[in-house]
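Structure first, commentary second.
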Amino acid sequence: MATTLTDALRLVKPGEMVVSLTDILDKLGNKITADERDQLLIAMLSPRREKVQPGDLITTDLVNQILAYIGDIQVRVEKLENSSTIPSTFRIIRIDGPTPIRVGSRVTAVGENFSVPGARNSVSVNTAPATPINNACTATQLVFDMPDPGIGQTGRKVTLSVINADGQTASLQFQLEPMLIIPTGTLIVRYITPPAGSGNLAPGLYDFGFRLIADVDQDAYIQLNASSSAATWAGVLVDPLGATDYTKPVLLARASGTHFERDFIVRVTAPSTGTAVISVGATEMTAGTQVNPAPSQPLNLAIGQPVPVPENRVAVNYLATSSNVTFEGGTAVFTRNTIGRIDFEILFNNLGTSGGVVTTFTPTFELKSSGINNWTKGLQTGTEISISGPQGNGSTGLRLTPPNAASNAELLLTITGQPSGGAPVNVTYRVPVRTN
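Basically this note's numbering = 1-based index in the sequence shown + 172.
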């Protein structure tokens, strides 16, 4: 029975229509030449072309290929549609935070088009990762705690890098300092060295010696201060040896220990009349410090009234027997390269001893200056002073040879002794000396 083209068309599977190649060639019979027959076979058996021609068979493979192309196009279209919401500009403008920026500081990177929430951004400083704080972050601010990229104890330039959720990258270089170590401890300022030979306060310059006593567990920066209640009574901070500028914070380095003592001078110029309170203190300057500031120590000053002293059982005055020296307030002025002598009267009272009980006191001198070899100590008189009963007086003196040049120094007179039944006496008086 002859096979018709209709017979050749049959459904193999639902949705599939197959025509036998043999049936097609049989139907063509001798209507085509052998060469045309061969070309037809090659065309039909060759790989599928990208383009469908009129008369081509439609198979499930072709339809599946078309569906795959459609699916790929759909994905591309969705990406293009979503790309309209991707920021065109992604950048870091600056970093806000405590100045300077330090390891451990909470900072804010200010920029444009960060991903929200903040955790969708990858944040790093050099190679050290940082974790954004979600509830504090926005599209223009990333808040995080500064990590340590391994800078050690020296500040250096580092790079902040951010990659948002769309894969965009931005970076910013900035200066990063080491973590601030917060010191703890206590400060004390103590009035230890009154001006000698002053008696009652008169117009002129006076040096009051103080000592800073500090116990701190880390590097500490101490700011000394001396404030006056009256504008006409100015108090100036001075290093007696001229080595330290006490108007600036003084570093107490942990590498040198945890207990420190530093002597300094409060230099007061007394006017012709009036009163004032000079308040002396000390404060540690590190941000967030746990060092307790020193309680303020007052100097109550009044023209015509006794100069305040830390040891009220002992007073020291200059004697008129001093030679080749003049006094300007509490300062002794010598003629260059000329031997001079300062004589002191030392008065004792309230020693707490019974009448007739003798207490022996020892006065000693120390000469200090940045050019100590330029001044020469000479003979001392009155190396011991004996006081009978609770009060009395004695004298001592020292010869000094100043250099033949402008020079400043300080002479320290220390008086020690042990009254029976009372506290020991150990007090030092300071005498600034200079050449004219």
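Cβ coordinates follow ideal geometry from the N, Cα and C atoms, glycine included.
List the endpoints of the continuous beta strand (DSSP E) containing residue i.
i                 : result
leucine 471       : 469-474
aspartate 387     : 376-388
phenylalanine 499 : 497-500
leucine 344       : 341-348
glutamine 462     : 462-464
glutamate 456     : 447-456
alanine 427       : From DSSP, alanine 427 is part of no beta strand (DSSP E); its letter is neither H nor E.
leucine 409       : 407-410
glutamine 590     : Glutamine 590 -> no beta strand (DSSP E), and no H or E assigned at all.
proline 301       : 300-302
threonine 503     : 503-506
aspartate 515     : 512-520
valine 297        : 294-297
serine 399        : 392-400
isoleucine 267    : 263-268
Assuming residue i contacts residue j under a Cβ cut-off of 8 Å, what Cβ separation, rounded to an integer in Å, is found between them?
i                 : j                 : result
phenylalanine 506 : leucine 572       : 7 Å
proline 114       : alanine 448       : Outside the shown range of the chain, which is 173 to 608, sits residue 114, and nothing can be said about it.
proline 155       : tyrosine 601      : Absent from the model: residue 155. The displayed extent of the chain is 173 to 608, so no value can be given.
valine 488        : phenylalanine 516 : 5 Å
valine 410        : arginine 439      : 5 Å
Can you find the residues in the same chain that come closer than 6 Å, C-beta to C-beta, to residue i, ignoring five residues on each side of it along the sequence?
i                 : result
asparagine 580    : Arg606
isoleucine 360    : Ile385, Ala466
alanine 454       : Leu359, Val361, Leu384, Ile394, Leu396, Ala466
threonine 416     : none
serine 592        : Thr525, Val529
threonine 280     : Asp268, Gln313, Val315
valine 603        : Ala368, Ala504, Leu583
glycine 460       : Ile354
phenylalanine 533 : Ile557, Ile587, Gly589
glutamine 325     : Pro350
serine 296        : Ser333
glycine 491       : Per the sequence shown, residue 491 should be read as leucine rather than glycine. Answer for leucine 491: Asp515, Glu517, listed in chain order.
In the DSSP output, which residue or residues are listed as bridge partners for residue i?
i                 : result
proline 367       : Arg602
asparagine 372    : Pro478
threonine 326     : Paired residues: none, contrary to the question.
lysine 540        : Glu582
lysine 549        : Leu572
phenylalanine 432 : Ala386
arginine 278      : Asp317
phenylalanine 533 : Ile557, Gly589
alanine 487       : Leu519
threonine 607     : Phe506
Is the separation between the beta-carbon of residue i and that of residue j shorter than 7 Å?
i                 : j                 : result
isoleucine 385    : valine 422        : no
phenylalanine 432 : leucine 424       : yes
proline 535       : threonine 493     : no
isoleucine 353    : serine 400        : no
aspartate 389     : glycine 357       : yes
proline 318       : serine 287        : Looking at the sequence itself, residue 318 is methionine, so the reference to proline does not match. Contact flag unset, no.
serine 294        : isoleucine 245    : no
valine 463        : proline 355       : yes
proline 412       : glutamate 538     : no
alanine 302       : phenylalanine 316 : yes
glycine 589       : valine 599        : no
glycine 561       : glycine 527       : yes
valine 481        : isoleucine 587    : no
asparagine 546    : proline 575       : yes
glutamine 477     : leucine 373       : yes
asparagine 307    : alanine 291       : no
phenylalanine 382 : valine 452        : yes
glycine 502       : tyrosine 378      : yes
Once you ignore the five residues that flank residue i on each side, which residues in its own chain have a CB closer than 8 Å to its CB?
i              : result
asparagine 496 : Phe506, Thr507, Thr510, Ile511, Gly512, Arg513
glycine 446    : Ala402, Thr404, Trp405, Ala474, Ile475
glycine 327    : Pro272, Gln347, Leu348, Glu349, Pro350
glutamine 284  : The identity of residue 284 in the sequence shown is glutamate, whereas the question assumes glutamine. Contacts found: Pro259, Thr261, Phe262, Arg263, Ile265, Ala311, Thr312.
lysine 329     : Gln345, Phe346, Gln347, Leu348
threonine 176  : Only weak support exists for where threonine 176 lies, its pLDDT of 47 falling under 50; the value from the coordinates is given anyway. Same-chain partners within the cutoff: there are none.
alanine 577    : Arg508, Asn546, Thr607
proline 219    : Annotation note: pLDDT 47 at proline 219 (below 50); position unreliable, no value reported.
alanine 337    : Ser287, Arg292, Asn293
Excluding five sequence neighbours on each side, which residues of the same chain lie with their C-beta closer than 7 Å to the C-beta of residue i?
i              : result
arginine 426   : Gln390, Asp391
glycine 554    : Pro535, Gly566, Ser567, Thr568, Gly569
alanine 595    : none
alanine 342    : Phe262, Arg263, Ile264, Gly283, Val334
asparagine 472 : Val449, Pro480
isoleucine 364 : Gly381, Phe382, Arg383, Pro482, Thr600
asparagine 615 : This structure leaves residue 615 out entirely; the chain is present only between 173 and 608.
Are the C-beta atoms of residue i and some chain B residue less than 7 Å apart?
i           : result
leucine 384 : In summary, chain B is missing from the structure at hand, where a single protein chain is found.
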